[in-house]
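What follows is one structure encoded as structure tokens, with my remarks underneath.
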Amino acid sequence: MTPSESSSGEKISRSSITKQGNSAVRSMLVECANALVKGTIGFKSKRVKARQKGQRSEVISYADRAVERLQRKYHRMMYQGKPRNVAITAIARELGCFIWGLETGKIH
1 MTPSESSSGE
11 KISRSSITKQ
21 GNSAVRSMLV
31 ECANALVKGT
41 IGFKSKRVKA
51 RQKGQRSEVI
61 SYADRAVERL
71 QRKYHRMMYQ
81 GKPRNVAITA
91 IARELGCFIW
101 GLETGKIH
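Using the UniProt record's numbering, the first residue of the sequence shown is number 1, and each one after it goes up by one.
Okay, here's the thing in structure tokens:
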């Protein structure tokens, strides 16, 4: 999820995200971000705890840090007066970064 930019000299014009990449993945990240921000910060449901049984502790810790960071970022952006779609798109982009970190083993 790459933001578009058209710059020339001192003039910088930033716009919405580009349509590059897989549209299904982009849509899925936005849908996941929508679901992620609806929860209470720091709360895990019984279903989530049950799904996490048997997983490595560092993976669970990484996921918990990611969820808490993204929820706090969403609330901060909303408090600053950003439009909801802008905040959700920012959360979706960062969620993609967390997923990439998990898949590449960079969870420290």
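Built from N, CA and C at the ideal position, the CB exists for glycine as well.
In terms of alpha-carbon separation, which member of the options lies closest to residue i?
i	options	result
Gly96	Val30, Lys46, His75	Val30
Glu68	Glu58, Gln80, Lys82, Thr40	Thr40
Rounded to the nearest angstrom, what separates residue i and residue j at their Cα positions?
i	j	result
Ala28	Lys11	The displayed chain sequence assigns Met, not Ala, to residue 28. Approximately 34 Å, taken between the alpha carbons.
Val48	Phe98	18 Å
Arg76	Phe43	18 Å
Gln20	Arg26	9 Å
Gln80	Gln71	14 Å
Ser57	Gly105	14 Å
Ser61	Glu103	15 Å
Arg93	Met78	16 Å
Ala63	Ala24	22 Å
Excluding sequence positions up to five away, which residues of its chain have a Cβ less than 6 Å from the Cβ of residue i?
i	result
Ser6	Ser13
residue 144	This structure cannot settle anything about residue 144, because the visible part of the chain is limited to 1 through 108.
Only counting the same chain, and skipping five residues up and downstream in sequence, which positions put a Cβ closer than 8 Å to that of residue i?
i	result
Ser4	Arg14, Ser15, Ser16, Ile17, Thr18
Val59	Leu102, Ile107
Apart from the five residues on each side of it in sequence, which residues of its chain come closer than 7 Å, Cβ to Cβ, to residue i?
i	result
Gly101	Ile107
Ile91	Ala33, Leu36, Val37, Leu70, Lys73, Tyr74
Every unbroken alpha helix (DSSP H) inside the UniProt domain "Transposase IS116/IS110/IS902 C-terminal" (1-37) [4 residues or more] | 23-36
Check whether the region 82-93 touches the region 43-56, counting contact only when three or more Cβ pairs, one atom from each stretch, lie closer than 8 Å. no
ask   = Hey, which unbroken runs of the alpha helix (DSSP H) at 4 residues or more fall wholly within the region 45-105?
value = 46-52, 57-79, 84-104
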